[in-house]
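Below: one structure, written as structure tokens.
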Amino acid sequence: MSFEVEPVNRSSLSSQIADQLQEAILDGTLKADDRLPTEDELSKRYQVSRPTIREALKRLAAKNLVRSKRGPTGGTFVTKPSVAQLSDSLTSAATMLVSLKEVDLDEINAARLELESTCCRLAAQHRSESQLSALIHELEVQTDERITAEDFCASDVRFHRIIADASGNRMLAFVMYAVIEALQPVANMIAYRFRERTVIIDHHRRLLEAIQQQDADLACGILKEQIEYLAARHQDAQDWRAGKAD
1 MSFEVEPVNR SSLSSQIADQ LQEAILDGTL KADDRLPTED ELSKRYQVSR
51 PTIREALKRL AAKNLVRSKR GPTGGTFVTK PSVAQLSDSL TSAATMLVSL
101 KEVDLDEINA ARLELESTCC RLAAQHRSES QLSALIHELE VQTDERITAE
151 DFCASDVRFH RIIADASGNR MLAFVMYAVI EALQPVANMI AYRFRERTVI
201 IDHHRRLLEA IQQQDADLAC GILKEQIEYL AARHQDAQDW RAGKAD
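Going by the UniProt record's numbering, the residue at position 204 of the sequence shown is 204; the numbering climbs one at a time, nothing skipped.
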């Protein structure tokens, strides 16, 4: 197995080595299930210490790009990350952006409206009977008054993920997972004190009916209505928190 070793600066050796190995994995030079050279061999190639190599491999493992195996046939092997793992990475990055206040709610809502409107249009065309049944099931979950706020929000997330899946576009669904699972729950939980479950359920029921009837324009209009409703409730929450702080 041969891959190019480029000179590295001394400032962040493990990061640079991890980046080089990652590039070799992504461009196919290193393929899934390939065994990497040992830590000792890599340290000689890069002319760095073994702890530096170990740290670089930890960085790759955190991205699900390599895995370790013990025993006589063990070592460090290249892993092909699953779609779910890649989606989790995107979700984590999006969540961090929100937590650090690098994006505000207006940006979140604008992104969600554009992306999910496309999902709704495609879902109206391509939705399957099993996906319609899954949406109906989530509505039944949400109408159960005994469920907790957390369970209601979890069902809300699943409802919108099903719509993303029903679009039939895997790349669009992949991006939407980050928006739905990272951004939507943040907005929902902040605004929870000021929103009514019955309003959200009504939005979902009408959205389901529009998708069932393959009315894409109606579905997009209902989605816009829900996003505007949540934005208004979020403003109510901010006003309440500001007043409480005074």
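Quick reminder that beta carbons are idealized off the backbone N, C-alpha and C, glycines included.
CA-CA distance, D34 to T79, rounds to 8 Å.
Cβ-Cβ distances below 7 Å link L57 to V66, T76 in the same chain, with the five nearest sequence neighbours on each side left out; the list follows chain order. Short of 6 Å from the beta carbon of L90, and not among the five residues preceding or following it, lie these beta carbons of its own chain, in chain order: A178.
According to the DSSP assignment, K58 belongs to the alpha helix (DSSP H) that extends over 50 to 62. Between L172 and C120, the beta carbon gap of about 11 Å keeps them out of contact (Cβ cut-off 8 Å).
When secondary structure is reduced to three states using DSSP, G74 falls in the coil class, being assigned neither helix nor strand.
Under the three-state reduction of DSSP output, K69 falls in the strand class. Within the same chain, and ignoring the five residues on either side of D165 in sequence, the residues whose Cβ sits closer than 6 Å to its Cβ are A173.
Between S68 and the set M96, L36, L113, the nearest pair of CA atoms involves L36. Under the three-state reduction of DSSP output, R195 falls in the coil class, being neither helix nor strand. Remark: C-beta atoms of A24 and V98 do not approach each other more closely than 9 Å. Between L30 and L21, the CB-CB gap stays under 9 Å. Rounded to the nearest whole angstrom, the CA to CA distance from V175 to S87 is 8 Å. Looking at the backbone, the Cα of L139 and that of T73 are separated by about 50 Å. A distance below 7 Å between beta-carbons, with the five flanking residues on each side excluded, links S155 to the following residues of its chain, in chain order: E138, V141, Q142. E150 and R158 have their C-alpha atoms some 12 Å from each other.
In the three-state reduction of the DSSP assignment, R241 falls in the helix class. Here A232 is actually not in contact with I222; their C-beta atoms are around 16 Å apart, not less than 8 Å.
Around the beta-carbon of S133, fewer than 16 other beta-carbon atoms lie within 10 Å, marking it exposed. Taking C-beta separations shorter than 7 Å and ignoring five residues to either side along the sequence, the partners of L122 in its chain run S167, G168, N169, following chain order. Less than 9 Å separates the beta-carbon of I180 from that of R161. Here the alpha carbons of N64 and Y46 stand approximately 22 Å from one another.
A check of alpha carbon separations from F152 across I53, G28, V199, R241 identifies V199 as the nearest. Within a 10 Å sphere around the beta-carbon of E116 sit 16 or more other beta-carbons, which makes this residue buried.
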